[in-house]
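Participant: Take this structure, written in structure tokens, and hold onto it; I'll ask about it next.
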Amino acid sequence: MLKTFSITDIGEKRKLNQDYVFTSEIPVGCLPNLFLVADGMGGHNAGDFASKYTIETIVDEIGRAKEDSPVSVLEKAIQSANRHIRMKSTENEEMSGMGTTVVAATVLDDALYVANVGDSRLYIVNDEIRQITRDHSLVEEMVRMGGLPREQARSHPDKNIITRAVGAQDSVEVDFFQVKLEKGDMVLMCSDGLTNMIEDEDIRMILKGQRDIVEKAEALVKAANNNGGKDNITVVLIEPFADEVIS
22 MLKTFSITDI
32 GEKRKLNQDY
42 VFTSEIPVGC
52 LPNLFLVADG
62 MGGHNAGDFA
72 SKYTIETIVD
82 EIGRAKEDSP
92 VSVLEKAIQS
102 ANRHIRMKST
112 ENEEMSGMGT
122 TVVAATVLDD
132 ALYVANVGDS
142 RLYIVNDEIR
152 QITRDHSLVE
162 EMVRMGGLPR
172 EQARSHPDKN
182 IITRAVGAQD
192 SVEVDFFQVK
202 LEKGDMVLMC
212 SDGLTNMIED
222 EDIRMILKGQ
232 RDIVEKAEAL
242 VKAANNNGGK
252 DNITVVLIEP
262 FADEVIS
């Protein structure tokens, strides 16, 4: 049985929360469950509109989807959201240039299907912490090309520049991942307001140090805020095998 909890927090520095989250432990269309995190960008109210509207469009599209492949369903829904955001940004000058990251996940038996655009992340946490998604960011590209050491990436001045976003272009390239889940695994989805404030291993230690899923999520947000809380913080935690005892 799935156990999940989500939380979003404005952080310590921002006046507006441009993150948006959606979770459903029950079926959405043909998917048995659905989890979404989006981190909007754009001036005025455009960033929070972009994240909310993108997630609402994805949920609506998935609810009407006829395909049975999780990858196909997520791909079509995200492409549809991209078209809708592009259309809105051309209709309203204040929303010009808006966009959003999105990370989406669904658990089907012991398989996790993940879709990603931007630098919001999904991790699997157990005895170690593994980042499943790859950031679509300028700094990550520099690390991959060998031009920037990984340990310098966190404090790089261009850390916030993303190379892919829903709404940035007429079409969007989506990354997909499929992961086999094991007993004891916890899925963490989050915006970069968490990961820019806390090192991965510290995230794992915080999760291991709390009793239940609610305390785990709240402790992550508290730690990010204690470390500066420079951005909005969103956390989704999923325990895929919450009712199964690890022998």
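Per this note's numbering, the sequence shown starts with residue 22, numbered consecutively.
Backbone N, C-alpha and C fix where the C-beta goes; we use that ideal spot for every residue, glycine too.
Only a predicted model underlies this, so the values are computations on that prediction, with no experimental measurement involved.
1. Which of the three DSSP states, helix, strand or coil, is assigned to lysine 201?
2. Quick one: measure Cβ to Cβ for threonine 75 and isoleucine 28, integer angstroms, because I've assumed they're closer than 8 Å.
3. My understanding is that aspartate 213 touches aspartate 148, with C-beta atoms under 8 Å, so please give their C-beta distance in whole angstroms.
4. Can you confirm whether aspartate 213, when its beta carbon is compared against all beta carbons of chain C, has any partner nearer than 8 Å?
5. Among the residues of its own chain, which have a CB less than 7 Å from the CB of leucine 215, if the five just before and after it don't count?
6. Jot down the residue ranges of each uninterrupted alpha helix (DSSP H) in the stretch 154 to 237, minimum 4 residues, whole runs only, in chain order.
7. Between the beta-carbon of lysine 243 and the beta-carbon of aspartate 131, is there less than 8 Å?
8. Applying the 10 Å Cβ sphere with the 16-neighbour rule, what's the burial state of isoleucine 267?
9. Measuring straight from C-alpha to C-alpha, what distance separates valine 138 and arginine 232?
10. Report the three-state DSSP secondary structure of glycine 61 (helix, strand or coil).
11. For glutamate 33 and glutamine 39, what's the separation of their Cα atoms in angstroms?
12. Going by DSSP in three states, arginine 85 sits in which element: helix, strand or coil?
13. Leaving aside the five residues before and after phenylalanine 16 along the sequence, list all residues of the same chain whose C-beta is less than 6 Å from its C-beta, in chain order.
14. Taking C-alpha atoms, which residue in Ser72, Arg155, Asp81, Asn248 lies nearest to methionine 116?
15. Pick from Lys36, Ala98, Asn54: whose alpha carbon is nearest that of methionine 22?
16. By a C-beta neighbour count over all protein chains shown, 10 Å radius and 16 as the cutoff for buried, is threonine 111 buried or exposed?
17. Near isoleucine 227, what residues of its chain come up, given a Cβ to Cβ distance below 8 Å and the 5 sequence neighbours on each side ignored?
18. Assuming histidine 157 and threonine 184 make a contact with CB atoms under 8 Å, what is their CB distance in whole Å?
19. Classify aspartate 30: buried if its beta carbon has 16 or more other beta carbons within 10 angstroms, exposed otherwise.
20. Where methionine 166 and methionine 210 are concerned, what is the direct C-alpha to C-alpha distance, given to the nearest angstrom?
Facilitator: Walking through what the data contain:
1. Taking the sequence shown and counting its residues from 1, one reaches residue 201 at position 180. Per DSSP, reduced to three states, the secondary structure at lysine 201 is strand.
2. In the sequence shown, residue 75 corresponds to position 54, counting from 1. In the sequence shown, residue 28 corresponds to position 7, counting from 1. With 8 Å as the limit, threonine 75 and isoleucine 28 do not qualify as a contact, their Cβ atoms being about 20 Å apart.
3. In the sequence shown, residue 213 corresponds to position 192, counting from 1. In the sequence shown, residue 148 corresponds to position 127, counting from 1. Wrong, their Cβ atoms sit about 25 Å apart, outside the cutoff.
4. Protein chain content of the structure displayed is limited to a single chain, and chain C is not contained in it.
5. Along the sequence shown, read from residue 1 onward, the residue named residue 215 stands at position 194. Excluding residues within five positions, the ones whose Cβ falls inside 7 Å are Leu241, Ala245, Ile254, Val256.
6. Listed in chain order, the complete alpha helix (DSSP H) runs (minimum 4 residues) inside the stretch 154 to 237 are 159 to 165, 171 to 174, 213 to 216, 221 to 229.
7. Sequence index remark: in the sequence shown, residue 243 carries index 222 (1-based). Sequence index remark: in the sequence shown, residue 131 carries index 110 (1-based). Their beta carbons are not under 8 Å apart, which means lysine 243 does not touch aspartate 131 by this criterion.
8. As a first step, residue 267 is located in the sequence shown; it is residue number 246 there, counting from the start. Because the pLDDT at isoleucine 267 is just 49, under 50, the model does not fix this residue reliably, and the value given afterwards should be weighed accordingly. Result: exposed.
9. Counting from one through the sequence shown, the residue named residue 138 turns up at place 117. Counting from one through the sequence shown, the residue named residue 232 turns up at place 211. Answer to the nearest angstrom: the Cα atoms are 32 Å apart.
10. Taking the first residue of the sequence shown as 1, we reach residue 61 at position 40. Secondary structure at glycine 61: strand, using DSSP grouped into helix, strand and coil.
11. Here the question's residue 33 lines up with position 12 in the sequence shown. Here the question's residue 39 lines up with position 18 in the sequence shown. Counting only the Cα atoms, glutamine 39 lies some 14 Å from glutamate 33.
12. On the sequence shown, position 64 is the one that residue 85 refers to. Assignment of arginine 85 by DSSP, reduced to helix, strand and coil, places it in the helix class.
13. Any answer about residue 16 is impossible in this case: the structure gives the chain only from 22 up to 268.
14. Start at 1 with the first residue of the sequence shown, and residue 116 comes out as number 95. Ranking the options by Cα distance to methionine 116, first place goes to Ser72.
15. Position 1 of the sequence shown holds residue 22. Residue Asn54 is the option with its Cα nearest to methionine 22.
16. As a first step, residue 111 must be located in the sequence shown, where it is residue number 90. Counting of Cβ neighbours within 10 angstroms places threonine 111 among the exposed residues, the total staying below 16.
17. Within the sequence shown, residue 227 is the residue found at index 206, counting from 1. Ile219, Lys237, Ala240, Leu241, Ala244.
18. Position 136 of the sequence shown holds residue 157. Position 163 of the sequence shown holds residue 184. Confirmed, about 5 Å.
19. Indexing the sequence shown from 1 puts residue 30 at position 9. Buried.
20. Numbered from 1 along the sequence shown, position 145 holds the residue referred to as residue 166. Numbered from 1 along the sequence shown, position 189 holds the residue referred to as residue 210. If you draw a straight line from the Cα of methionine 166 to the Cα of methionine 210, it is about 26 Å long.
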